[in-house]
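**Student:** According to the numbering used here, the residues represented by the sequence shown are 15 to 297, in order. The beta carbon of each residue, even a glycine, is placed where N, CA and C say it ideally should be.
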Amino acid sequence: MTATATTTTTQRQPDRSRSIAHWFSDGWITTRRNLIKIKRVPDILVFTTLQPIMFVLLFTYVYAGVIDIPGSTYTEFIMAGIFAQTVVFGSTYSGSAMAQDLKDGIIDRFRTLPMSPSAVLIGRTNGDLLINAISMTVMMITGFVVGWRIRSSFFEAFAAVALLLLFAYALSWVLAYVGMTVRSPEVINNVSFLILFPLTFISNAFVPSDTLPAPLQFIAEINPVSALVQAARNLFGNTPPGTPEPEVWTLQNPELTVLIGIAVMLVIFVPLAVRKFDKVSTR
């Protein structure tokens with residue numbers, strides 16, 4: 015009996031290792047599929063890079079002369095907001111792509127393959143993470159051209175970029191779940207716009223929150239995008255000197271707030287999205 019138990023245990027360990035290896039392999043294959051799609055449809059990358067350039071130039075040259083930021087320049091103030099806005103809207107690609115794959119029947123093809131259900135979602139969110147990373151690179155280069163500068167250390171700046179991309183990655187899982195819930199890609203685009211547009215503009219991304227009317231100021235202070243923007247400003251060293259201490263805990267501890275938000279989104283929506291994918295792929 016001991017020999018049999020030992021043999022069974024020995025057999026289980028390679029099986030488990032093999033399943034983990036297959037999981038990573040499946041995730042890489044689906045990630046590669048999405049990267050190849052970007053190569054074959056370069057319009058995705060073109061518009062992804064043109065939009066952040068347009069926002070940087072629009073806000074720095076159109077509004078910089080009319081919005082005064084004591085102790086700093088509007089260019090340095092606005093860049094963290096543009097970073098946050100771009101990565102937040104960039105996460106919608108996961109939702110619209112999943113809805114499009116369902117509409118085109120691509121999910122039915124995946125269902126016939128011996129692969130992990132989560133691999134498709136991993137490939138989708140990883141692909142969008144790369145798109146957001148490219149957008150961040152383009153925005154930072156454009157920002158340097160128009161006068162934006164990093165006033166902190168290399169490691170703090172790296173932490174700011176990582177925090178922005180991790181937030182976008184976690185939000186991609188939320189939108190991927192929503193994309194599998196709606197009936198068409200057009201719906202997910204409208205839903206994303208209605209939710210994310212107010213989140214980015216009723217925040218401290220483009221103007222100091224204390225300049226907003228009282229009801230909007232309250233919304234801006236509890237807005238998770240405000241915490242993301244504040245964390246990016248702190249880590250890039252772009253917080254204007256003499257800025258009053260925020261009264262809410264989320265803005266007093268923005269980096270911790272964003273990390274908690276990322277963890278909550280991943281813990282809740284990764285299993286929800288995987289279960290939803292398994293459900294829609296067995297219809």
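What number of angstroms, rounded off, separates the C-alpha of residue 105 from the C-alpha of residue 191?
**Tutor:** Going by the C-alpha atoms only, they are around 12 angstroms apart.
**Student:** For the pair the region 131-147 and the region 207-223, tell me if three or more CB-CB distances fall below 8 angstroms.
**Tutor:** With the cut-off at 8 angstroms, the region 131-147 and the region 207-223 do not touch.
**Student:** Taking contact to mean at least 3 C-beta pairs separated by less than 8 angstroms, is the region 231-242 in contact with the region 144-158?
**Tutor:** Segments in contact, no.
**Student:** By the three-class DSSP mapping on this structure, what secondary structure does residue 284 have?
**Tutor:** Note: residue 284 maps to helix in three-state DSSP.
**Student:** Indicate whether the contact test is met: 3 or more Cβ pairs, each with one atom in the region 66-85 and one in the region 164-180, closer than 8 angstroms.
**Tutor:** No, they do not touch.
**Student:** To the nearest angstrom, how far is the alpha carbon of residue 45 from that of residue 224?
**Tutor:** About 43 angstroms.
**Student:** Distance, Cα to Cα, residue 202 vs residue 112?
**Tutor:** Going by the C-alpha atoms only, they are around 10 angstroms apart.
**Student:** At the level of alpha carbons, what is the spacing between residue 97 and residue 118?
**Tutor:** Distance between the alpha carbons of residue 97 and residue 118 is about 32 angstroms.
**Student:** Is the region 244-254 touching the region 267-280, taking contact as three or more C-beta pairs under 8 angstroms?
**Tutor:** Touching, yes.
**Student:** Mapping DSSP to helix, strand and coil, what is residue 159?
**Tutor:** In this structure, residue 159 counts as helix in the three-state DSSP scheme.
**Student:** Beta-carbon within less than 7 angstroms of residue 8's beta-carbon, same chain only, minus the 5 sequence neighbours each way: which residues are those?
**Tutor:** For residue 8 there is no data in the structure shown, the boundaries of the chain being 15 and 297.
**Student:** Rounded to whole angstroms, how far is the Cβ of residue 162 from the Cβ of residue 259, which I believe are closer than 8 angstroms?
**Tutor:** Going by Cβ atoms, the distance from residue 162 to residue 259 rounds to 25 angstroms, so no, they are not a contact pair.
**Student:** Return the chain-ordered list of same chain residues with a C-beta closer than 6 angstroms to the C-beta of residue 107, the five sequence neighbours on each side being excluded.
**Tutor:** 142.
**Student:** If you check the beta carbons only, do residue 242 and residue 177 fall under 9 angstroms apart?
**Tutor:** Yes, the pair counts as a contact, with Cβ atoms nearer than the cut-off.
**Student:** Could you tell me the boundaries of the alpha helix (DSSP H) in which residue 228 lies?
**Tutor:** Note, residue 228: alpha helix (DSSP H), 228-236.
**Student:** Residue 103: buried (16+ other C-beta within 10 angstroms of its C-beta) or exposed?
**Tutor:** With 16 or more Cβ atoms within 10 Å of its Cβ, residue 103 is classed as buried.
**Student:** Among 210, 185, 194, 209, which residue has its Cα nearest to the Cα of residue 278?
**Tutor:** Ranking 210, 185, 194, 209 by Cα distance to residue 278 puts 185 first.
**Student:** Under 9 angstroms between the Cβ atoms of residue 287 and residue 194?
**Tutor:** Yes; because the gap between Cβ atoms is below 9 angstroms, this pair is in contact.
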